[in-house]
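These notes are about the structure you will find just below.
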Amino acid sequence: MLIFDRSRRGRAAHAQLLPEFGESPAIPDYLLRKTRPALPEVSELDAVRHYTRLSQQNFSIDTHFYPLGSCTMKYNPKVCHDLASLPGFLNTHPLGLERTGQGTLACLYELQEMLAEITGMAGVSLACAAGAQGEFAGVAMIRAYHALRGDSGRTEMLVPDAAHGTNPASASMGGFRVREVATNADGNVDLTALELAVGPQTAGIMLTNPSTLGVFDQHIRAIADIVHRAGGLLYYDGANLNAIAGKVRPGDMGFDVIHLNLHKTFSTPHGGGGPGAGPVGVGDKLLPFLPLPVIVKDGSRYRMLTETERPHSIGHLVTFAGNVGVLLRAYVYIRMLGHEGLERVAEFSTLNANYLLKKLVEAGFEPAFPQRRAAHEFIITLKRLAKEHHVTALDFAKRLLDYGVHAPTVYFPLLIPECFLIEPTETESKEALDAFVRIMAEILKEAETDPDRLKSAPHSLPVRRLDEVRAARHPDLAYKSE
8 MLIFDRSRRG
18 RAAHAQLLPE
28 FGESPAIPDY
38 LLRKTRPALP
48 EVSELDAVRH
58 YTRLSQQNFS
68 IDTHFYPLGS
78 CTMKYNPKVC
88 HDLASLPGFL
98 NTHPLGLERT
108 GQGTLACLYE
118 LQEMLAEITG
128 MAGVSLACAA
138 GAQGEFAGVA
148 MIRAYHALRG
158 DSGRTEMLVP
168 DAAHGTNPAS
178 ASMGGFRVRE
188 VATNADGNVD
198 LTALELAVGP
208 QTAGIMLTNP
218 STLGVFDQHI
228 RAIADIVHRA
238 GGLLYYDGAN
248 LNAIAGKVRP
258 GDMGFDVIHL
268 NLHKTFSTPH
278 GGGGPGAGPV
288 GVGDKLLPFL
298 PLPVIVKDGS
308 RYRMLTETER
318 PHSIGHLVTF
328 AGNVGVLLRA
338 YVYIRMLGHE
348 GLERVAEFST
358 LNANYLLKKL
368 VEAGFEPAFP
378 QRRAAHEFII
388 TLKRLAKEHH
398 VTALDFAKRL
408 LDYGVHAPTV
418 YFPLLIPECF
428 LIEPTETESK
438 EALDAFVRIM
448 AEILKEAETD
458 PDRLKSAPHS
468 LPVRRLDEVR
478 AARHPDLAYK
488 SE
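Its first residue numbered 8, the sequence shown is counted upward by one per residue in this note's numbering.
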């Protein structure tokens, strides 16, 4: 039910009315409304009940198991939110940050340095507002690097066929032609195909390791050598850093630039829970090009570098110091865990993934790469069900919702037929994983004996199966009164 359906003329929540302060500002007549806005008229109790019920209908990591592959939807410790909300942080005005927010700047500076150490990079900027903007910043720095050297012929960006969909989009936005590179049957980048693709036109390659196929590329140093010999640079998509944080550093693998999803790896709010943060780290070659602001320490005080001090910077991508509240949550998370704690995160996320993979195989599911161990996520393929029972990965995912489990990522990466990309994360207990296996096994049995049950799922949610193509192409977002 929409809030408009609860509306009754004359009802209001008078206790919430704000007092009027003096005269209203002078607004020209032609800008004034001629009719009252069509807002719902409800009591305070009706409004509270309506929005509370809506919140209870949402899937979230605080209420459900959420194994969304390649997105690391893990629990956000509440202490991170509490400490980032201390009055000293909240009450600092961004325009006076260097004068009255030295404590905030000190935390952000330390976060920069910790992220540089974790990734093996020479420097970090916290500026970017989310992972996609971090990607764009990485591509922009690669372009600026080649441009400053007068190497204008580097017009191509290599992207593996298993890459995140935002990688080719970011490369294209950065002005590059995208050239796809194949992966082989083991899930590694095909080195022969890479050798044939590189040349004087190669600006760089965009990939993540572990990849979205759920495996760690066994030839990452060879990839780095091939691209560097051709004069290109390596960009690291940080979406899957949760598998290796504290264990392996992208800088040591040979990467020149990386973006980090603090709202994935470092447990700040994700998706509808709040804004993102996508800091970028760079090696020595790209240090001059880091986006601003970059925070430095002068003696006992902290300040932000200016365009004059960094003339080759790609510039400002956000206002002020970025999403500071999100950055502070990540700062608390890292300080709380320490190096040993980050290692445990990687160990348990990988352990949970491999345990879940083994149990699902025992239950009758087919892994996409049976010869490989999982990183923090893995892929099962439902192609047998599609062929024998005409049940698709989408049908299976919709049925999972009836059991109170958010569906894993489906149909990505695209090169795996009827793909289920599953990431349990380190914050889930063995009991939660075992319950998920039981649910998957039960749905598998349903698919084989009563496939129509899956094809018409979900059955228990407020919203049933939607025409997703129509919803995407013709969204109806405006309320129209009868």
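All C-beta atoms in this analysis are idealised placements derived from N, C-alpha and C, irrespective of residue type, glycine included.
- Message: Would you call the region 57–70 in contact with the region 192–205, where contact means no fewer than 3 C-beta pairs closer than 8 Å?
- Response: Look at the beta carbons and you see the region 57–70 not touching the region 192–205: under three pairs across the two are nearer than 8 Å.
- Could you name the residues of the same chain whose beta carbon sits closer than 6 Å to that of residue 390, not counting the 5 residues immediately before and after it, in chain order? If you number the sequence shown from 1, residue 390 lands on position 383. So the list reads 424, 425, once near-sequence residues are dropped.
- Item | Classification of residue 119 by the beta-carbon crowding that lies within 10 angstroms, buried from 16 upward | Counting from 1 along the sequence shown, the entry for residue 119 is found at position 112. Answer is buried; the Cβ neighbour count reaches 16.
- Among 75, 35, 402, 233, which residue has its Cα nearest to the Cα of residue 277? For the purposes of this step, residue 277 is identified with residue 270 of the sequence shown, where counting begins at 1. Taking the Cα of residue 277 as reference, the smallest distance to any Cα among 75, 35, 402, 233 is reached at 75.
- Task: Report yes if the C-beta distance between residue 143 and residue 163 is below 8 Å; otherwise report no.
- Result: Stepping through the sequence shown from its first residue, residue 143 is reached at position 136. Stepping through the sequence shown from its first residue, residue 163 is reached at position 156. Their beta carbons are not under 8 Å apart, which means residue 143 does not touch residue 163 by this criterion.
- Task: Starting from residue 430, trace the alpha helix (DSSP H) both ways and give me its first and last residue.
- Result: Residue mapping note: residue 430 aligns to position 423 of the sequence shown, counting from 1. Residue 430 -> no alpha helix (DSSP H), and no H or E assigned at all.
- Query: Going by DSSP, which residues form a beta bridge with residue 130?
  - Reply: Position 123 of the sequence shown, counted from the start, is the residue given in the question as residue 130. Bridge partners of residue 130: 289.
- Item | residue 388 - containing beta strand (DSSP E), residue span | Reading the sequence shown from its first residue, position 381 is the one you call residue 388. Note, residue 388: beta strand (DSSP E), 385–388.
- When you compare each of 123, 395, 480 to residue 456 by their alpha carbons, which one comes out closest? Reading the sequence shown from its first residue, position 449 is the one you call residue 456. Selected option, being the one with the closest Cα: 395.
- Message: When you compare the region 440–448 with the region 358–378, are there three or more beta-carbon pairs, one atom per stretch, that lie closer than 8 Å?
- Response: In short, these stretches touch, since the Cβ pair count reaches three.
- Message: Between the alpha carbons of residue 332 and residue 121, how many angstroms are there, rounded?
- Response: Looking up residue 332 in the sequence shown gives position 325. Looking up residue 121 in the sequence shown gives position 114. Between residue 332 and residue 121, the alpha-carbon positions lie close to 17 Å from each other.
- Task: Count the CB pairs spanning the region 171–190 and the region 152–159 that are closer than 8 Å, and state whether there are at least three.
- Result: Cβ pair count under 8 Å is below three, so no.
- Message: What ranges does the beta strand (DSSP E) occupy inside the region 247–329, keeping only unbroken runs of at least 3 residues that lie completely in it?
- Response: Whole beta strand (DSSP E) segments, 3+ residues: 264–266, 287–289, 302–305, 308–311.
- Are the beta-carbon atoms of residue 326 and residue 81 separated by less than 8 Å? Taking the first residue of the sequence shown as 1, we reach residue 326 at position 319. Taking the first residue of the sequence shown as 1, we reach residue 81 at position 74. It is not a contact, given that the beta carbons lie outside the stated cut-off.
- Item | DSSP state of residue 411 mapped onto helix, strand, coil | Position 404 of the sequence shown, counting from 1, holds the residue named residue 411. Here residue 411 sits in coil by DSSP.
- Query: How should residue 315 be labelled, buried or exposed, when 16 other C-beta atoms within 10 angstroms of its C-beta is the threshold for buried?
  - Reply: The residue given as residue 315 occupies position 308 in the sequence shown. It counts as exposed.
- With DSSP as the reference, please indicate the residues paired to residue 188 in a beta bridge. For the purposes of this step, residue 188 is taken as the residue at position 181 of the sequence shown. DSSP output for residue 188 lists 167 as bridge partner(s).
- Task: Indicate whether residue 299 and residue 289 have their beta-carbon atoms separated by less than 8 Å.
- Result: The residue you call residue 299 lines up with position 292 of the sequence shown. The residue you call residue 289 lines up with position 282 of the sequence shown. For residue 299 and residue 289, no; Cβs fall outside 8 Å.
- Query: Does DSSP classify residue 374 as helix, strand or coil?
  - Reply: In the sequence shown, the residue the question calls residue 374 occupies position 367. Here residue 374 carries a strand assignment [DSSP, helix/strand/coil].
- Mapping DSSP to helix, strand and coil, what is residue 456? Position 449 of the sequence shown, counting from 1, holds the residue named residue 456. Helix, per DSSP.
- Please state if the CB of residue 209 and the CB of residue 234 are separated by a distance shorter than 8 Å. In the sequence shown, counting from the first residue as 1, residue 234 sits at position 227. In the sequence shown, counting from the first residue as 1, residue 209 sits at position 202. A Cβ-Cβ contact shorter than 8 Å links residue 234 with residue 209.
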